[in-house]
């Protein structure tokens, strides 16, 4: 079990052409997996994937290994004529994780062992979270409630992801401060509500502070809504 704990946070860069099929579709489509982990995958394909919905898909990694997962599109980029997607596995069985691991062990053994040691040195899960939940530059107004002091305030985002926010405020937010936040999204809808905790804080001016906030849970739908406006 100790060895499995070490490997489960690794992301393997395989850059491999594969076939995949969405649930309900008759035919497979060709795509390229740039990297993969037990938490998600980065894929490149010609067509667009359906937005704002959970995707159930089967991925044929090779003739002897395939897996199934439910995934959410965390981010999307257009590069030339190709669509690049970061998918987060919202549901994947342990048996399918094992198939991914066995595939890596068979076809990329050196990559696997190198990653074990690198993952230990770089901090494991936290490093992996930063790669899956890509951050995007975004300046959005945020209203917040400091639950420790029952005090309201205003801030502005500097960057944002499905798992965290980078904020700039006129007052210091101490580490470990629990927050309720309302992010003003410029789409004429209601502010996006979420909760989080201040992970770090630093002074960047006379009356200016920067803080990193870890959200209680990954808000994938909220992230998709924000990305459409920036």
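Residue numbers (this note's numbering): 737 to 966.
Just so it is clear, CB atoms sit at the ideal spot from N, CA and C, and this is done for glycine as well.
Given the structure is predicted, the values throughout are model-derived calculations rather than measurements.
Distance check between residue 810 and each of 942, 886, 824 places 824 closest, using alpha-carbon atoms only.
Beta-bridge analysis with DSSP links residue 930 to 917.
In the three-state scheme derived from DSSP, where H, G and I count as helix and E and B as strand, residue 801 is classed as coil. A distance below 8 Å separates the beta carbons of residue 938 and residue 946. Close CB contacts of residue 922 within its chain, under the 8 Å cut and outside five residues either way in sequence, are with 876, 965 (chain order). By the C-beta criterion, the region 775-785 is judged to be in contact with the region 821-835, since at least 3 inter-stretch pairs fall below 8 Å. Only buried fits residue 797, as 16 or more other CB atoms lie within 10 angstroms of its CB.
Residue 905 and residue 888 have their C-alpha atoms roughly 12 Å apart. Between residue 873 and residue 953, the alpha-carbon positions lie close to 20 Å from each other.
Per DSSP, reduced to three states, the secondary structure at residue 942 is coil, with no helix or strand assignment. The continuous stretches of beta strand (DSSP E) do not include residue 841, which lies in the alpha helix (DSSP H) extending over residues 830-843. Cβ contact annotation for residue 956 (same chain, cutoff 7 Å, sequence separation greater than five): 808, 810, 824, 898, in chain order. Per the C-alpha coordinates, the member of 961, 891, 915 positioned closest to residue 924 is 961.
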